[in-house]
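Okay, so the sequence shown: first residue is 1 according to this note's numbering, each after it adds one.
Where a beta carbon is used, it is the ideal one built from N, C-alpha and C, also for glycine.
Accompanying notes for the structure given below.
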Amino acid sequence: MRKLLSGRVARIVGLFMALMASLMPGMAALADNPVLTGAAFWGDPEFDAGKALSYESVDVRVRVWRGGTDGAFQEFEVPRRESQTVLDVVTHIQRALDPTLAYRYACRVGMCGSCAMTVNGAARWTCRTHVDKVAKDGRLTVAPLRNLPVIRDLVAFEPEGRSTDLAASLTYAVRLLNHRSIVVVLSDFLAPSWERPLQRLAARHEVVAVTVDDPRERALPASGWLDLEDAESGRRVLVDAGSREVRGRLASLAERRVEERRRGLAAAGVDHVALITGQDYALPLRRAFALRAKRLHR
Ligand code: FES
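Here you go:
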């Protein structure tokens with residue numbers, strides 16, 4: 001069913017931690033559809049040169065890239081500390097000055113590489129880079145890695161392929177988020193083996209699953225032969241949508257899949273918002289979050 005119909009479905013898998021940035025410290029943002037490249041900070045004279053400006057206080061003066069390709073640097077002042085790393089500086093900004101700042105890290109001990117950013121013009125693992133070494137003048141310029149598509153702010157990411165791995169994303173989120181957070185998972189949940197990772201995530205965080213379905217998956221139009229392509233694998237298949245029997249079989253497979261998904265989400269104890277392609281998303285989202293707020297404040 002998945003192979004037959006997924007070309008018709010808006011398939012988006014993402015953990016929208018950026019959305020929740022104001023609610024949790026240590027926010028990181030992930031996406032599997034990065035599209036932004038060639039950010040405007042390349043060519044910025046201060047950035048490329050890692051240029052020192054006057055520095056007369058004990059604060060670190062930090063220019064941080066904000067936004068995507070067409071973003072701009074924003075300046076912050078961060079208290080200088082002994083043995084302070086660049087990741088500490090970025091974390092301070094996100095926790096104390098601007099909770100919407102998006103950046104990534106995981107291990108904090110120089111093993112995973114997820115904290116890599118461009119610091120004063122050079123690519124560095126920021127959890128291993130001490131401010132004293134790179135900003136003797138107390139001036140830092142921090143941007144996303146220059147060789148990867150920019151997602152937002154300091155997050156740059158290159159997917160390994162077109163396919164998504166929901167189970168791996170959920171497992172990564174469990175490792176990444178140290179503090180109780182709200183995690184919104186937007187997916188059609190067609191991927192395999194997501195149930196256990198979702199349960200583990202929901203045991204530590206508040207999870208909202210937003211599913212997106214195409215009604216043509218449940219009731220294929222009687223349109224004759226269809227040439228369908230899997231959006232992830234690129235595999236194609238011909239389906240005789242003019243056949244009542246074929247349409248019936250596909251409809252019952254779709255029903256079964258929806259029911260299995262419903263059971264999986266219920267078992268994990270997550271909130272579920274169901275969206276339909278071609279229909280207004282705003283209303284069901286508003287309704288779901290209003291209900292959720294009411295429940296939490298009871
Ligand atoms: S957070 Fe893992 S290497 Fe820096």
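query = Roughly how many whole angstroms lie between the Cα atoms of Thr-277 and Ala-72?
reply = 34 Å
query = What is the C-beta distance between Leu-201 and Ala-173, in whole angstroms, given that I count them as a contact (C-beta under 8 Å)?
reply = With a Cβ gap of about 6 Å, Leu-201 and Ala-173 count as contacting.
task = Find the nearest neighbour of Phe-189 within the set His-205, Glu-206, Ala-267 and Asp-165, judged by alpha-carbon distance.
result = Asp-165
Secondary structure of Pro-159, DSSP reduced to three states = Reduced to three states, the DSSP call for Pro-159 is coil.
query = Can you name the start and end residues of the beta strand (DSSP E) that Leu-318 belongs to?
reply = Lying before the first or after the last residue shown, residue 318 is absent from the chain, which here runs from 1 to 298.
key: Candidates Arg-66, Ala-209 and Gln-84: closest to Leu-101 by CA position   = Residue Arg-66 is the option with its Cα nearest to Leu-101.
query = Which residues mark the beginning and the end of the alpha helix (DSSP H) in which Gln-199 is found?
reply = For Gln-199, the enclosing alpha helix (DSSP H) stretches over residues 195-204.
request  = Go through its chain and collect everything with a Cβ distance to Thr-171's Cβ below 6 Å, but skip five positions before and after it.
outcome  = Once the five neighbours on either side are set aside, the close Cβ partners of Thr-171 are Pro-197.
inquiry  = Output needed for Thr-85: all residues of its chain with C-beta closer than 8 Å, excluding positions within five of it in sequence on either side, in chain order.
reply    = Thr-126, Cys-127, Arg-128, Thr-129, His-130 and Val-131
request  = Report the three-state DSSP secondary structure of Arg-139 (helix, strand or coil).
outcome  = Correct three-state label for Arg-139: strand.
request  = List the endpoints of the continuous alpha helix (DSSP H) containing Thr-91.
outcome  = Residue range 86-92 is occupied by the alpha helix (DSSP H) that includes Thr-91.
Where the alpha helix (DSSP H) containing Leu-307 begins and where it ends = The chain is shown from 1 up to 298; residue 307 falls before or after that span and cannot be answered.
message = Using a Cβ-Cβ cutoff of less than 6 Å, which residues in the same chain neighbour Leu-154 once the five nearest sequence positions on both sides are dropped?
response = Tyr-103, Met-117 and Pro-144
request  = Tell me whether Val-78 sits in a helix, a strand or coil according to DSSP, three-state version.
outcome  = In the structure shown, Val-78 falls within a strand segment according to DSSP collapsed to helix, strand and coil.
Exposed unless 16 or more other CB atoms sit within 10 angstroms - verdict on Thr-69 = Result: exposed.
Leu-291, buried or exposed, once every other Cβ within 10 Å from all chains shown has been counted against 16 = Exposed, because fewer than 16 other Cβ atoms sit within 10 Å of the Cβ of Leu-291.
query = To which residues of the same chain is Lys-136 closer than 7 Å at the C-beta, ignoring the five residues directly before and after it?
reply = none
task = Could you tell me if the beta carbon of Ser-114 falls within a distance shorter than 8 Å of some heavy atom in ligand 1?
result = yes
key: Integer Cβ distance of Val-109 from Asn-120, believed to fall under 8 Å   = Incorrect: roughly 22 Å between the Cβ atoms, too far for contact.
message = Under 8 Å: does the beta carbon of Thr-171 sit that close to some heavy atom of ligand 1?
response = no
Cβ-based burial, Ala-254 [other Cβ within 10 Å; buried from 16] = buried
request  = Note down the Cα distance separating Val-89 from Asp-98, rounded to an integer number of angstroms.
outcome  = 12 Å
key: Endpoints, the beta strand (DSSP E) within which Ala-116 is located   = DSSP places Ala-116 in the uninterrupted beta strand (DSSP E) bounded by 116-119.
inquiry  = With H, G and I counted as helix, E and B as strand and the rest as coil, what does DSSP make of Thr-126?
reply    = helix
request  = Measuring alpha carbon to alpha carbon, tell me which of Pro-284, Ala-282, Val-60 and Ala-251 ends up nearest Arg-139.
outcome  = Val-60
request  = Tell me whether Glu-217 is buried or exposed, calling it buried when 16 or more other Cβ atoms sit within 10 Å of its Cβ.
outcome  = buried
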